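Colleague:
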Amino acid sequence: MRSSTESVKSRTPLPLRRGSMSVTSTLAATLGVTTRSRARAQQESQTARTELGEADGCGKRLKLDGTSQRVSPEKGKSILEHSSPAPAVSSPICSLSWGEDDDYDDDDGSSAVSSPIRVPYKPEGRYEGDSELVRAYREFSQKLERQIRLPTLRKDTPPNCLVDDPTLLHIREPARKTVLRAARFVVGISSSVDGEPLARCSGFWIDFDNESRTGTVVTTALLICTKHKDDAWFCKDQYASDAKVNVHLWGYIAAEGYLLYYQKHYNLAFFRVRVDPLVQLPSFSDKVKCAQDIFELGRDERCNLLINHGRVEYSNPSRDERYHHMYIQGQREYMYDYDMGGPVIDLDGNVVGMIGSSSRGSFIPSSILLKCFHLWRNFRSIPRPHLGLRFNAIGLLNPAHVEKILISCGIDEGLIVKEVSENCPAEKCGIRIGDIIECLNGKSISTTVELENMLLSIMENRGDDLNSDLDLEMQVYCTRRDLRRIKVLTVNVSEDGDYCMPCCVTPPWKVKKVT
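Note that the working numbering has the sequence shown beginning at 12, numbered continuously upward.
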């Protein structure tokens, strides 16, 4: 415990320190002051610091060569105040990393105190090109650079909506806390093949065993995709199952990921990761409402947290997209390619989906994700019936268009057949483009997400039965004949992507080039 004398002296105001200025302005101000006034101020400051040094035992002074020296209280002057060059000292210059001796006054790490950063004094008669003076200024600049790299002072973080979007003021504070809690299960993932970078995306934990310190991370299979086509229905993507994967965890920890399984239709990939720290697992919610506030989370190439706000939008998929997605309405200026595979959370921090690959801002809802997780855990595969069809939901069309369908067909809900794959079971059963699918196995259908959930529920009850046939009963409204029919489709069950190449599409080799 310090003495009462020390306590009184420690409250004595010291001269103004100049170490808080920027490097450029500080050097300019230093070289511009007169030598006498600077020497007088330096001497007063040095005397005060020497008095304090008697009480707390800190008597180190910095030389021009970067080394430190104990100065007795009665001398009271630093070597920087003399005009003659400093004597040669055999001790080496300290390391440029934080925590080394040049930044501390006490050799005891448990009670080390960071020394203040001050501008080196230029004695009278020393010219700017003096090697020792140059060295002192160089080390001063290096210390300032190290100080700027402190986590409390770094500002090189990406922009995000919670800071820059004024429309979120009403939810900013609760959303900030929710996002920081959810960030603990968000990871960044990178892949490479033969030493060449392949892709980078995000992911999140879905399970973890505390005893073995091993868990599972889910992300998009595009992480290991070496060849990707814009139209997912053509099933031309190629994957490198032997790609090397690194998982960048919360807390700037990296670990190697080992591929467990990937599914081509949903573009899901599961990796086993072993880490020493305990992992926080997410909670899920399979209830997603239109216009609901949500946040997309991910990590960039420097493992910085990416945040984007949006609202859930019900929309029909584009021609090239699978129909198991939902969409995010809002600007995506705060997200980059690294967010694919990251979680989508609600205002309570529950995961409601996983970010897809669409530039529109698509995500796979948790209702589908949870069924995929369940199938994979139980059967180590995610089987799915292949229909060879593409749809549009009537309820998501323009209301004026829906009115015409209602007047002509007497139907305002169901799935309009948009494409029929050549030689698929649906085509053989007489299903044509423009027909309406009203029910599947006796249950009405209003959206493609509902259809996908029904197909996965059938597989949950049926079990792992890959490459087998499955009978599905569909109620179809035939628009050309104004009739309803019950069609039984015998479809194939597979874990590959559902293929749908319309018979009316002209093959690329038959397309004539216009000159």
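Ideal Cβ placement from N, Cα and C applies to all residues, glycine included.
Note that the structure is predicted; figures quoted are calculated from it, not measured.
1) What residue range does the beta strand (DSSP E) around T450 cover?
2) Taking the alpha carbon of E541 as the point to measure from, which residue in D493, S505 and L462 has its own alpha carbon closest?
3) On the three-state DSSP scale, how would you describe H418?
4) Taking the beta strand (DSSP E) that I497 belongs to, which residues open and close that run?
5) For the candidate residues W261, C212, G367 and K300, whose alpha-carbon lies nearest to that of V290?
6) Near W244, which residues of its chain fall below 6 Å by C-beta distance, leaving aside the five closest residues on each side in sequence?
7) Along the chain, where does the beta strand (DSSP E) that runs through M365 open and close?
8) Between the stretch 248-263 and the stretch 196-213, do at least 3 Cβ pairs fall closer than 8 Å?
9) I'd like the list of long-range same chain contacts for D359, defined as Cβ closer than 8 Å, with 5 residues on each side in sequence excluded.
10) Going by C-alpha to C-alpha distance, which of I497, R491 and W387 sits closest to L477?
11) Considering H320, what are the terminal residues of the beta strand (DSSP E) in which it resides?
12) With distance defined between alpha-carbon atoms, name the residue in H336, G441, H385 and L380 nearest to N403.
13) Looking at N464: is its Cβ nearer than 8 Å to the Cβ of I393?
14) Can you look up Q158 in the DSSP assignment and give me helix, strand or coil?
15) Assuming G399 and D350 make a contact with CB atoms under 8 Å, what is their CB distance in whole Å?
16) Is it buried or exposed for G214, if we count other Cβ within 10 angstroms and need 16 for buried?
17) For I497 and Q486, what's the separation of their Cα atoms in angstroms?
18) To which residues of the same chain is R559 closer than 6 Å at the C-beta, ignoring the five residues directly before and after it?
19) Considering only DSSP beta bridges, list what W387 is partnered with.
20) Any heavy atom of the ligand NAD within a distance shorter than 7 Å of the CB on L173?
21) Residues in the same chain with beta-carbon distance under 8 Å from D311, minus the five sequence neighbours each way, listed in chain order, please.
22) Spell out whether any CB of chain C is found under 8 Å from the CB atom of R137.
23) Among the candidates L408, M365 and H397, whose CA atom is the shortest distance from the CA of D509?
24) Spell out the partners DSSP gives K454 in its beta bridges.
25) Would Y138 be called buried (16 or more neighbouring beta carbons within 10 Å of its own) or exposed?
26) K275 and D507: beta carbons closer than 8 Å?
27) Could you check if V174 is buried or exposed, using at least 16 other CB atoms within 10 Å of its CB as the buried criterion?
28) Where does Y338 fall in DSSP's three states?
Modeller: In terms of the structure at hand:
1) Your numbering for residue 450 matches position 439 in the sequence shown. Sequence check: residue 450 is Cys here, not Thr. Element bounds for C450: I447 to L451.
2) Since the first and last residues shown for the chain are 12 and 526, residue 541 lies out of range.
3) Counting from 1 along the sequence shown, the entry for residue 418 is found at position 407. The residue asked about is misnamed: residue 418 is Ile in this sequence, not His. If DSSP states are grouped into helix, strand and coil, I418 belongs with the helices.
4) Along the sequence shown, read from residue 1 onward, the residue named residue 497 stands at position 486. Here the beta strand (DSSP E) through I497 covers L494 to S505.
5) Working through the sequence shown from its first residue, we reach residue 290 at position 279. Out of W261, C212, G367 and K300, W261 has the C-alpha closest to the C-alpha of V290.
6) The count along the sequence shown starts at 1 and reaches residue 244 at position 233. Once the five neighbours on either side are set aside, the close Cβ partners of W244 are C511.
7) Taking the first residue of the sequence shown as position 1, residue 365 is located at position 354. Taken as a continuous stretch (DSSP letters only), the beta strand (DSSP E) holding M365 covers V362 to I366.
8) yes
9) Start at 1 with the first residue of the sequence shown, and residue 359 comes out as number 348. T189 and S296, listed in sequence order.
10) Your numbering for residue 477 matches position 466 in the sequence shown. Answer by Cα proximity: W387.
11) Here residue 320 is taken as the residue at index 309 of the sequence shown, counted from 1. From DSSP, the beta strand (DSSP E) with H320 extends over L316 to E324.
12) The residue labelled residue 403 in the question sits at position 392 within the sequence shown. Of the candidates H336, G441, H385 and L380, the one whose C-alpha sits nearest the C-alpha of N403 is H336.
13) Counted from its first residue, the sequence shown places residue 464 at position 453. Counted from its first residue, the sequence shown places residue 393 at position 382. For N464 and I393, no; Cβs fall outside 8 Å.
14) In the sequence shown, counting from the first residue as 1, residue 158 sits at position 147. Three-state DSSP puts Q158 in a helix.
15) Taking the sequence shown and counting its residues from 1, the one referred to as residue 399 is at position 388. Taking the sequence shown and counting its residues from 1, the one referred to as residue 350 is at position 339. Contact doesn't hold; Cβ gap of about 32 Å is too wide.
16) In the sequence shown, the residue the question calls residue 214 occupies position 203. So G214 counts as buried.
17) Start at 1 with the first residue of the sequence shown, and residue 497 comes out as number 486. Start at 1 with the first residue of the sequence shown, and residue 486 comes out as number 475. One C-alpha to the other measures close to 5 Å.
18) Coverage of the chain is limited to positions 12 through 526, which leaves residue 559 absent and any answer about it impossible.
19) Locating residue 387 in the sequence shown gives position 376, where the first residue counts as 1. Looking at the DSSP assignment, W387 forms no beta bridge with any residue, so it has no partner.
20) Ligands are entirely absent from the displayed structure, and the ligand NAD is therefore not among its contents.
21) Within the sequence shown, the letter at position 300 stands for residue 311. P169, G199, L317, Y347 and Y349.
22) Looking for chain C here will not work: only one protein chain is present.
23) As a first step, residue 509 must be located in the sequence shown, where it is residue number 498. For D509, the nearest C-alpha among the options comes from H397.
24) Taking the sequence shown and counting its residues from 1, one reaches residue 454 at position 443. DSSP, once it has assigned bridges, lists L451 as partnering K454.
25) Against the sequence shown, residue 138 aligns to sequence position 127. Classification of Y138: exposed, given that the 10 Å Cβ count is below 16.
26) Position 264 of the sequence shown, counting from 1, holds the residue named residue 275. Position 496 of the sequence shown, counting from 1, holds the residue named residue 507. Cβ distance < 8 Å, so K275 and D507 count as in contact.
27) Residue mapping note: residue 174 aligns to position 163 of the sequence shown, counting from 1. So V174 ends up on the exposed side.
28) Residue 338 sits at position 327 when you count from the first residue of the sequence shown. Strand, per DSSP.
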